[in-house]
Each structure stands twice: as C-alpha cells, then as structure tokens.
Amino acid sequence: MSAAPEPVGTLATALAHASKLLQADPALAAEQAAEILKVVPNQPQALLLHGIALGQLGRGEAAVQSLRRAVALKPDLAEGWRVLADHLDAIGETAAAQDAYARHVRASTRDPRLLEAAAALVENRLPEAEILLREQLKRAPTDVAAIRMFAELAARIGRNADAENLLVRCLELAPGFTAARANYALVLHRANKSAEALAEVERLLAADARNPSHRGLKAAILSRLGECDEAIGLYEGLLAEYPDQVKLWLSYGHALKTAGRQADSIAAYRKCTSLAPAYGEAWWSLANLKTFQFDADDLATMRAQLVRPILADDDRLHLDFALGKALEDAAEYAESFRHYAAGNALRLKSTPYAASDTTLRVRRARETFTADFYAAREGWGCPSADPIFIVGLPRSGSTLLEQILASHPLVEGTMELPDIISLVRQLRSRGREEGETYHDELASLSAD
C-alpha cells in the first residue's frame, strides 16, 4: 500500500515533510511519522523518522523500539543503524552498539572492497577484516573510512595505541568526520586520558548537544575525573529518557556513591535489582558498600536467581560474591565460604591467574632493578617534590590517610590515579612488539 495521509498527498511527500520538521518541531515530526505508519504500518523510513523524533523528545526507549523495527525491515538503512547505535551506547549496551555501528559502516559503504571488510567486521571475522583493510590502505593511504574501520578493528583486539594513532591520522585528514571523533574520544577514555577525551566529547556535544551516546560518555569521563555532581546531572537526564535501563541506573549509583550520597546510591542499585533481579553486578555493588545489610527477602531473591539454569557467568559470580558477603555478615560462615569459592572459580575462568607467572615477574624485577640499576640513573626523573604517593593494601587505611592529607589547603587528593598502570601497559605493549619484556623496555629508557 503506497497511499499517504490525506493532508500531505503522496507517501514521498509525507516523508519529506516529516523529515523537514525534525529540526524545527520534533513533536510534530513524530506525529507526522505516526500518521504515515497508520496507513503504512511497516514503512522503514517512517519508522526511522519516528525513532529520531522520539529520541529528540527525550523518549529514548520508544525511540529504540522504532529504530529496531526500521532496521529489521530494511537492513541497509544506514542512518537507522547509526542512530540506534548511539542510543544503545548511551544505555550501556556496548556489544549491541558496536554491532550496530559496524552495520552502519557496511550499509553506508559503496566501495566493494570496503563492503567486504565491513562485512567481515560485522561477522567478527577479524583476521580477514585486517587483511582486507591493509590491502585497501596500501592502495589508498588517505581513505578515511578505511582508516576508521582499521582503528575500530585495533580497538576490538586490544591494540588501543594503534587505534588512537589511526584516529589521529583520520581526523588530520577529515576534521569534520564526527564518527571518527566519537571513536577517538572513546579510545582516549579507555586509555585513561580523561582530560583529552573530555575535550573531544565537548567538541562533539557542541555540534550535537542531544546525542545520547556523547552525553553518556561525558558522564563516564566526568565520573573518572571525580566531577561527580556534573556526571550525576547527565545520568539523571539520560534516565529521564531511558527509565528502565539497568546499566544506566548502575552507573548512576556508582556516581552517587563516589559523591558520598550513599542512601541515593542504594536506591539506584535497588532500582537495578527491581528491574532485573538476575543482574549480579547491582547486588555486588550493594554488598561492596561494606556497611549495607541485606534482609531476608534479599537473600531469598539472590538464592532464587542462582538456581536459574540460564544465568550468565558474570551475573552468577557477582551474585555468589554478594551472597557470600551477606551470609558472612549473618555469621553463616560455611555457606558464605561456599559462595565465595564458587564466585572465585568463575572469576578464574574469565581472568586466568597463575602464581608461577607472578613468581617469574618478581624474579625478573629483582634481577633488573638492582642497586647498580638505580645508581646508574641517579638524578633521573622529575625533580618536583609535589607528588605524594601513598602505597598500601586494600583495607589498610590508605584512603583515610589520603583524606587526612587532602584536608590541608595545600594538598589535593586525586584518588587512585590509573596513570602508572597505563604507563606500564604502554611499555609492556611496546616490548611485546619488539620481542622484549616490560623490564627490558624499562631498562632501555633514556633519562628523557
């Protein structure tokens, strides 16, 4: 059926009219698209316009529904995949957003060689995608679409430094390439370069202030920087648009906890558990408050979730840890220990650990960092006496000591900064590329 609503004539005219209304009057655009859908219920372009308009009106969850229907009916609807990906990224559905972004690239690409690489990315055939993209960049070194795809590939396999360098090159060639800048901001955030990431997100928001993905990333960056009040405001804005998204509620709860608003953080975590009782990370977040006490109903709910045959390992291990803490507080030590053991067994599957590796690393450190090593480097490093490093173990009082020092007007507490860890990872990655260890790489550094 191709007829359009009577007042605007043909379907094409109606769609064009709704599209023009998007910027000036999204509410009217949504109404226009809804009228079209009454006559042509599964019209993909009308669903796309409806989803975009709903998103602009702050009705995020309804927008996602329309956009999902649009791309399901028309898988080559490039803009639909892009807008859907922005929404999914904002609500913490990272894997689904990544897939939607890849499908956007595939749908918007016309070069058959890039189409093949995009298809390999969508289907997670990463080695094949890498070969195809390398070949394309040999032929066309300034192909910004290929450079961005290669950066996405590098980020997926953990080569974040490569991804960062590729995106810098991409933006040198095409400063207005918004999708590449969004990727760049995310890569900087993952590399703990928070100030740089925030600057890129601010540029993105200056051009598109309502973009939910950019707002979500800004909130995450601000949380890491300790700017909790602004982050909380951003999360509250997003939750008004996506009120039933548990990952958003969890991030909101974390920000509230960091800001010292424990009662509010508990309420946010409770919202998570009411929306998704199997969401283990929310239960563990409550347990990790240390002073929180679970009641009998909480224990019953957690136990009921753990006996479900279909439960993701990540949810199961967090539920085991939370229940272990609850039972420990209740002095039911035997059952508590069983849950801790079960959680640790699952954690070991996802994060393998071997004591022999640590023994080897410590031995190598002792061999490298000798008295002669330090004597040869006397006077190296930064001469400033400003930084105060507090070294301790969990629950040993290091945070309390930081707070005591930070109460002095000339001292500012910076929490647990990730900079040293980031530097170690960079050196380890560089050493791996050169067939050396982290210790070799560190020993080879100059004074500069």
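The opening residue of the sequence shown carries number 0 in numbering that gives the first Met the number 0; numbering runs sequentially from there. A virtual CB, placed ideally from N, CA and C, is assigned to each residue, including glycine.
Tell me the rounded alpha-carbon separation between Asp-371 and Arg-365. For this step, residue 371 is matched to residue 372 along the sequence shown. For this step, residue 365 is matched to residue 366 along the sequence shown. Near 12 Å, if we compare the C-alpha coordinates of Arg-365 and Asp-371.
Lys-73 versus Ser-335 - alpha carbon distance: Counting from one through the sequence shown, the residue named residue 73 turns up at place 74. Counting from one through the sequence shown, the residue named residue 335 turns up at place 336. For Lys-73 and Ser-335, the distance between alpha carbons rounds to 51 Å.
Whose C-beta lies closer than 8 Å to the C-beta of Ala-139 among residues of the same chain, with five residues either side of it excluded? Your numbering for residue 139 matches position 140 in the sequence shown. Counting only Cβ-Cβ distances below 8 Å, and skipping sequence neighbours, we find Ala-145.
Leaving out the 5 sequence neighbours to the left and right, which residues in its chain are closer than 7 Å to Gly-182 when beta-carbon positions are compared? As a first step, residue 182 is located in the sequence shown; it is residue number 183 there, counting from the start. Here the sequence assigns Asn to residue 182, which means Gly is not the residue at that position. So the qualifying residues of the chain are Arg-147, Ala-150, Glu-151, Leu-166.
Let me know if His-407 comes out buried or exposed under the rule of 16 or more other beta-carbons within 10 Å of its beta-carbon. In the sequence shown, the residue the question calls residue 407 occupies position 408. It is exposed - the Cβ of His-407 has fewer than 16 other Cβ atoms within 10 Å.
Assign Thr-350 to one of three DSSP states: helix, strand, or coil. Position 351 of the sequence shown, counted from the start, is the residue given in the question as residue 350. In this structure, Thr-350 counts as coil in the three-state DSSP scheme.
Which of the three DSSP states, helix, strand or coil, is assigned to Thr-257? What you label residue 257 is simply residue 258 of the sequence shown in a count that begins at 1. Correct three-state label for Thr-257: helix.
Would you call the CB atoms of Asp-297 and Lys-348 closer than 8 Å? Taking the first residue of the sequence shown as position 1, residue 297 is located at position 298. Taking the first residue of the sequence shown as position 1, residue 348 is located at position 349. Against a cut-off of 8 Å, the Cβ pair of Lys-348 and Asp-297 comes out as no contact.
Measuring straight from C-alpha to C-alpha, what distance separates Ser-264 and Gly-59? Here residue 264 refers to the residue found at position 265 of the sequence shown. Here residue 59 refers to the residue found at position 60 of the sequence shown. About 23 Å.
Could you tell me the alpha carbon to alpha carbon distance between Ala-405 and Asp-110, rounded to whole angstroms? By 1-based counting over the sequence shown, the position of residue 405 is 406. By 1-based counting over the sequence shown, the position of residue 110 is 111. Distance between the alpha carbons of Ala-405 and Asp-110: 57 Å.
Just to confirm the assignment, what range does the alpha helix (DSSP H) spanning Thr-398 have? Stepping through the sequence shown from its first residue, residue 398 is reached at position 399. Taken as a continuous stretch (DSSP letters only), the alpha helix (DSSP H) holding Thr-398 covers 397-405.
DSSP on Thr-9, reduced to helix/strand/coil? Here the question's residue 9 lines up with position 10 in the sequence shown. If DSSP states are grouped into helix, strand and coil, Thr-9 belongs with the strands.
Write down the C-beta distance between Leu-203 and Ala-184 rounded to the nearest angstrom, noting that I regard them as a contact closer than 8 Å. Here residue 203 corresponds to residue number 204 of the sequence shown, with the count starting at 1. Here residue 184 corresponds to residue number 185 of the sequence shown, with the count starting at 1. About 7 Å separates the two Cβ atoms, so the contact holds.
Range of the contiguous alpha helix (DSSP H) that encloses Val-39: Here the question's residue 39 lines up with position 40 in the sequence shown. Note, Val-39: premise wrong, no alpha helix (DSSP H); not H, not E.
Under 7 Å Cβ to Cβ from Glu-280, same chain only, skipping five residues before and after it: list those, please. Taking the sequence shown and counting its residues from 1, one reaches residue 280 at position 281. Excluding residues within five positions, the ones whose Cβ falls inside 7 Å are Leu-249, His-317.
State the DSSP-derived secondary structure class of Lys-270, mapped to helix, strand or coil. As a working note, residue 270 is residue 271 in the sequence shown. Helix.
CA-to-CA distance, Ala-84 to Pro-174, given in whole angstroms: Within the sequence shown, residue 174 is the residue found at index 175, counting from 1. Within the sequence shown, residue 84 is the residue found at index 85, counting from 1. So the two alpha carbons sit approximately 22 Å from each other.
Terminal residues of the continuous alpha helix (DSSP H) containing Phe-372? To locate residue 372, count along the sequence shown from 1; it is residue 373. Residues 370-375.
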